[in-house]
Amino acid sequence: MYEFIEGKFEYKTPSTLVVNAMGVGFLVEISLTTYSEIKSMDSGRILIHFVVREDAQQLFGFFTAKERELFRYLISVNGVGVNTARMMLSSMNTGELHSAIVKEDINALRQVKGIGAKTAQRVILELKDSLSKLDIEISNTNTVNNKSKDEALLALQTLGFSKLIVERALDKIVQSNPDASVELLIKQALKVL
């Protein structure tokens, strides 16, 4: 029914967004991945997936068409609802989630809150073939400084920071300083977190 909503971003949280489109405020549920893309934007276009249930009508918003497409695949799996799919997209970026499903990485999927072994297996079983054909850019994890980055990520997660937010901060730091030590990565990440 709705393809996108374009307008001013009145209110943003890591899970919701209010878009003012010509005087009408639309409450849109978003993933952490989408939030990280729009958090510095004052206005823009959000792609929409509209859900009608017996007790509610919900709008789910996505920054990219690929994220929305993956969301639609996820909710087609028996036992995976819209909130679980959004949680999966918040825990991993689109490329990581696609890769985990195609490579049958049950442990990666089980890291998502609310996903057990059976659900992870069902997601892989039902989506592996479909997603193998899907063109989603998989994030490059073969950087020279991958070991230092992984150690810094683990240390910052131990301090209580979210994996997704820490990974993004570390990616930016590694891009500008690829030879940074673990200590330097942690110090610089703490400045931006």
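Read in this note's numbering, the sequence shown has 143 at position 143, and its numbers run on one by one without any break. Ideal placement from N, C-alpha and C gives every residue a C-beta, glycine not left out. The model shown is predicted, which means the values in this text are computed figures rather than measured ones.
Cut-off 7 Å between Cβ atoms - residues of its own chain near residue i, not counting five sequence neighbours on either side
| i | result |
| --- | --- |
| R68 | L47, H49 and F62 |
| V102 | K128, L131 and S132 |
| R45 | F4 and E6 |
| A169 | A189, V192 and L193 |
| A126 | Looking at the sequence provided, one finds Glu at residue 126 rather than Ala. Only V77 meet the Cβ criterion. |
For residue j and residue i, believed in contact at Cβ under 8 Å, the rounded distance
| i | j | result |
| --- | --- | --- |
| D42 | K8 | 7 Å |
| T16 | I30 | 7 Å |
Three-state secondary structure (DSSP) of residue i
| i | result |
| --- | --- |
| N78 | coil |
| K12 | strand |
| N83 | helix |
| G61 | strand |
| N177 | coil |
| V112 | coil |
| N93 | coil |
| E6 | strand |
| A21 | strand |
| L193 | coil |
| F50 | strand |
| E67 | helix |
| E29 | strand |
| S43 | strand |
| K172 | helix |
Buried or exposed (CB count within 10 angstroms, at least 16 for buried), residue i
| i | result |
| --- | --- |
| K133 | exposed |
| Y2 | exposed |
| S40 | exposed |
| Q188 | buried |
| V166 | buried |
| E104 | exposed |
Cutoff 8 Å; reference residue i; Cβ partners in own chain excluding five residues on either side
| i | result |
| --- | --- |
| K113 | M87 and S91 |
| A100 | M92, A108 and L109 |
| L164 | L32, T33, S36, S90, S91, M92 and N93 |
| Q157 | K163 and V166 |
| M22 | G7 |
Selection from the options that minimises the alpha carbon distance to residue i
| i | options | result |
| --- | --- | --- |
| Q58 | G81, Y73, S76 and K147 | G81 |
| I173 | A65, Q111, K149 and F26 | K149 |
| V182 | H98, A155 and L89 | A155 |
| I124 | N83, T158 and I75 | I75 |
| T64 | G116, K187 and T34 | T34 |
| A180 | F161, K147 and G160 | K147 |
Contact set for residue i: own chain, Cβ-Cβ below 6 Å, skip 5 residues either direction
| i | result |
| --- | --- |
| V18 | E10, Y11, G25 and L27 |
| T195 | Limits of the chain in this structure are 1 at one end and 193 at the other, which puts residue 195 out of reach. |
| T119 | G79 |
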